[in-house]
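Chemist:
Numbering (my numbering), first residue to last: 5 to 287.
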């Protein structure tokens, strides 16, 4: 019985790792940029996992990407949220964040918006209960084509789980491409940034918006680029389809009047959390 349990554990860890590799997000999300002053800090998370899984995962994740960079424990996630609230940071809804950036809703002090990329099952199982209990709003950038599927070694949330989260009142859905979250290792670029795929990106965006409207009855106006960044041309494609809030992985404090097609985000992982912590503690 013990052997079976150990085997099951190894299968779980290796399955989680199976699609993971070093990707540009890790290379571009980090900078020496210091977060300073009042304004909006957008937090970016990928996976929230039990501490034991992260501990064991770090032992076998020789590449060091998945468990050391993209994942944090449920305990640490809850502690981060509590810490920000204790420092007087105000959590905004995506609509409040938009209104702040456009100047429609003047807000002072330190502000934060919680976002998640991808939408795998760890969000539903481990992050959503914490956010729901604390009544902290969050924005999920989802990949509609992968709903309920196995993708990059992860089981993605089903439509019923997505609907449950949106019905809770704390979750808003954004787009993370319909099905273009892939990297071309030969070109060393995300596939949607390849010049020959401009029309494909436009069509993919249309599919994503149509799918989310059909499945959830919503109009989406928030988009996060896979791997962190797009181009002025991809920005124009998104804006033409009604998506004006475009999120990147440039670490910065967003101000009222900031360019909404280049909203900065900061990873909530140990390698970059110290910047958020120092920002919250600063006068």
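For glycine and all other residues, C-beta sits at the position ideal for the given N, C-alpha and C.
#1: For residue 286 and residue 268, what's the separation of their Cα atoms in angstroms?
#2: How should residue 67 be labelled, buried or exposed, when 16 other C-beta atoms within 10 angstroms of its C-beta is the threshold for buried?
#3: Provide the residue span of the alpha helix (DSSP H) that contains residue 203, from first to last.
#4: Is residue 84 buried or exposed, if buried means 16 or more other CB atoms sit within 10 Å of its CB?
#5: Checking the sheet assignment: what are the DSSP bridge partners for residue 158?
#6: Along the chain, where does the alpha helix (DSSP H) containing residue 170 start, and where does it finish?
#7: List the endpoints of the continuous alpha helix (DSSP H) containing residue 4.
#8: Once the 5 residues before and after residue 112 are set aside, which same chain residues still bring their CB inside 7 Å of it?
#9: Give me the residue from 272, 187, 219 and 275 with the minimum Cα distance to residue 233.
#10: Is residue 203 buried or exposed, if buried means 16 or more other CB atoms sit within 10 Å of its CB?
#11: Report the residue from 74, 182, 125 and 93 whose alpha carbon sits nearest the alpha carbon of residue 49.
#12: Is the beta carbon of residue 279 sitting closer than 7 Å to the one on residue 39?
#13: Spatial neighbours of residue 174 within its chain, please: CB distance less than 7 Å, with the 5 preceding and 5 following residues excluded, ordered by chain position.
#14: For residue 261, count neighbouring Cβ atoms within 10 angstroms of its own Cβ and tell me buried if that reaches 16, exposed if not.
#15: Alpha carbons only, please: which of 170, 117 and 128 is nearest the one belonging to residue 272?
#16: Taking residue 185 and residue 243 to be in contact with their CB atoms under 8 Å, please state how far apart those CB atoms are, rounded to whole angstroms.
#17: Who are the near neighbours of residue 153 in its chain, counting only those whose CB is closer than 7 Å to its CB and skipping five residues on each side?
#18: Check each candidate in 92, 89, 172 and 178 and name the one with the smallest Cα separation from residue 122.
#19: Leaving out the 5 sequence neighbours to the left and right, which residues in its chain are closer than 6 Å to residue 97 when beta-carbon positions are compared?
Modeler: Here's the rundown:
#1: To locate residue 286, count along the chain shown from 1; it is residue 282. To locate residue 268, count along the chain shown from 1; it is residue 264. Approximately 19 Å between the Cα atoms of the pair.
#2: Taking the chain shown and counting its residues from 1, the one referred to as residue 67 is at position 63. With a pLDDT of only 45 at residue 67, under 50, the local geometry of the prediction cannot be trusted, and no value is derived from it.
#3: Walking along the chain shown from the start, residue 203 turns up at place 199. Unbroken alpha helix (DSSP H) run through residue 203: 202-220.
#4: As a first step, residue 84 is located in the chain shown; it is residue number 80 there, counting from the start. So residue 84 ends up on the buried side.
#5: The sequence position of residue 158 within the chain shown is 154, counting from 1. Paired residue(s): 155.
#6: Residue numbering aside, residue 170 sits at position 166 when the chain shown is read from its first letter. Segment 163-171, the alpha helix (DSSP H) holding residue 170.
#7: With the chain running from 5 to 287 in the structure shown, residue 4 is simply not present.
#8: On the chain shown, residue 112 is found 108 positions in, with the first residue counted as 1. Cβ neighbours of residue 112 beyond the five flanking positions: 42.
#9: The residue given as residue 233 occupies position 229 in the chain shown. That would be 187, whose Cα lies nearest to the Cα of residue 233.
#10: In the chain shown, counting from the first residue as 1, residue 203 sits at position 199. With fewer than 16 other Cβ atoms within 10 Å, it is exposed.
#11: Position 45 of the chain shown holds residue 49. Residue 74 is the option with its Cα nearest to residue 49.
#12: For the purposes of this step, residue 279 is taken as the residue at position 275 of the chain shown. For the purposes of this step, residue 39 is taken as the residue at position 35 of the chain shown. A contact, by the Cβ cut-off of 7 Å.
#13: Counted from its first residue, the chain shown places residue 174 at position 170. 135, 136, 139, 140, 141 and 142.
#14: By one-based count along the chain shown, residue 261 stands at place 257. With fewer than 16 other Cβ atoms within 10 Å, it is exposed.
#15: On the chain shown, residue 272 is found 268 positions in, with the first residue counted as 1. Answer by Cα proximity: 117.
#16: Along the chain shown, read from residue 1 onward, the residue named residue 185 stands at position 181. Along the chain shown, read from residue 1 onward, the residue named residue 243 stands at position 239. Incorrect: roughly 20 Å between the Cβ atoms, too far for contact.
#17: Start at 1 with the first residue of the chain shown, and residue 153 comes out as number 149. Within the same chain, residue 153 has close Cβ partners 160.
#18: Here residue 122 is taken as the residue at index 118 of the chain shown, counted from 1. Per the Cα distances, 178.
#19: Along the chain shown, read from residue 1 onward, the residue named residue 97 stands at position 93. Contacts found: 141.
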